[in-house]
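All the letters of the sequence shown, read from the start, carry residue numbers 87 to 420 under the working numbering.
Where a beta carbon is used, it is the ideal one built from N, C-alpha and C, also for glycine.
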Amino acid sequence: MLEQMDPTDEQIERAVAVLRAGNLVAFPTETVYGLGADASNVSAIRKVFAAKQRPVNHPLIVHLADTEALKHWASVVPREAWLLAETFWPGPLTMVLPRAAHVPRELTGGQNTIALRVPSHPVARRLLMAFEGALAAPSANRFGRLSPTSAVHVREELGDAVDFILDGGDCPVGIESTIVAFRNSQAVVLRPGAVTADQIGEALQSEVVAPTASSPRVSGTLPSHYAPRTPLKVVSADNLEEVLRRESAQGPVAVLARRGRPEHTRTTLWQVAPDDAAGYAHHLYSLLRRIDGAGCHLIIAEAVPDSPEWTAIRDRLMRGSVEDLEVAAVATGT
Ligand code: TXA
Ligand code: MG
């Protein structure tokens, strides 16, 4: 199902012209589509916040063509950051580092740090190379909504608020990058992703620590993030059929599970997701979008395994779920 699209050189050139004029280009990365703007142009950065309807204190990720560019955007690059860059870049890892003095405040939401990553998607790389600069790019969705993993999703989310979309087919990873910060010389995972804490620990030969209340804030870790419009509830495989029976009495229910629908159960929509973590992540947001359009009053997601390769998926399901949304409304006033 992985659709491969290859924009022409003319399309890349057009995208570069749009960016140089201070306008917005959505482009594919290996994780999700980004809404890109020239990271050195404050008025372009403001357009990103406006298009996404994103609060201005939520910092953006800056995408770089190569590891060398780290030195331009970060004032300090610890040994651990070079090691992780060497091991995982280009790829789905973002590093939070002290920002260089010239970095626009608009980019970092007023924080002293900056989030940086070198993406591996061939279209993102072609664009960055042709642009010869850095691209500030959050996920190309409205604030608080599911990240887009196809060009069609980007158009659905942003409509005319995006000036140009480079279509690179479906994003291979399918969920947002792992975000890492450093406390002293220890890595802290602020947002789990395809690069796991274990892999980071192995690369650094040191333990990876959990975030604390004083860790930098990450809007992707607000409980209300990544939510489909339909309320979502995560239920263990053992309880699924009972919860489904109970909830179906209230109206149509959709199920997202890694197995087929048992014969005796009835439901409006039973969506089967892949049984392996990489396949599940690849399809997760497009499946949730499809389910979201089915007019159900509830999505029941079967809980996923407890092992490390499922951590990022567990995280996204929990953040999309109804119990968390109630907590989020209280905690953030949104
Ligand atoms: O995979 C990804 O990371 C995608 C693709 C497009 O690269 N981008 C993405 O961007 O998910 P966004 O803006 O949707 O999420 C970036 C997260 C936000 O939660 C933001 O708060 C956090 O990165 N972030 C950015 N700068 C930060 C900083 N200086 N300190 C802590 N967190 C930061
Ligand atoms: Mg996002």
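Item	Value
Whole runs of the beta strand (DSSP E) within the segment 174-252, excluding any shorter than 3 residues	179-184, 199-203
Nearest-angstrom beta carbon gap, R277 and I265 [assumed within contact, 8 Å]	4 Å
Segment contact, 8 Å Cβ cut-off, at least three pairs: the segment 151-163 with the segment 222-230	no
Inter-stretch contact (C-beta, 8 Å, three-pair minimum) for the segment 366-386 and the segment 336-345	yes
Straight-line Cα distance separating D392 from E166	28 Å
Local conformation of V104 per DSSP, three classes	helix
Local Cβ density within 10 Å of V142, reported as buried at 16 or more and exposed below that	exposed
Three-state class that DSSP yields for E388 in the structure shown	strand
When E293, L232, T115, T194 are compared against Y371, the one with the closest alpha-carbon	L232
Under the three-state DSSP convention, the category V134 falls into	helix
The ligand MG heavy atom lying under 8 Å from the CB of S225	yes
Cα-Cα separation between P309 and E328, rounded to whole angstroms	For P309, the predicted model reports a pLDDT of 49, less than 50, meaning its position is unreliable and no value from the coordinates is stated.
Span separating the alpha-carbon of L411 from that of R315	Residue placement at L411 cannot be trusted, given a pLDDT of 39 that sits under 50; the coordinates are not used to answer.
Of the listed residues R185, A155, E242, W175, nearest to Y119 (C-alpha basis)	E242
Whole beta strand (DSSP E) elements within the segment 247-296, 3-residue minimum	264-269, 272-277
Three-state class that DSSP yields for P66 in the structure shown	The question about residue 66 has no answer, for the chain in this structure spans 87 to 420.
Cβ shell of A222 (< 6 Å), same chain only, five flanking positions each side left out	A123, A125, I131, L146, V148, L193
Identified DSSP bridge partners for A380	Answer is none; A380 lacks a bridge partner.
Secondary structure of V163, DSSP reduced to three states	coil
F217 vs A151 beta-carbon contact at 9 Å	yes
Alpha carbon of M404 to alpha carbon of R331, nearest angstrom	22 Å
G254 versus V238, V248, F268, residue with shortest Cα-Cα distance	V238
Heavy atom of the ligand MG within 8 Å of E262 beta-carbon	yes
Closest by C-alpha distance to V358, when choosing among V390, R269, G337	V390
Any non-hydrogen atom of the ligand MG within 8 Å of S236 CB	no
Where the alpha helix (DSSP H) containing V321 begins and where it ends	V321 -> not in any alpha helix (DSSP H); beta strand (DSSP E) instead, spanning 318-321.
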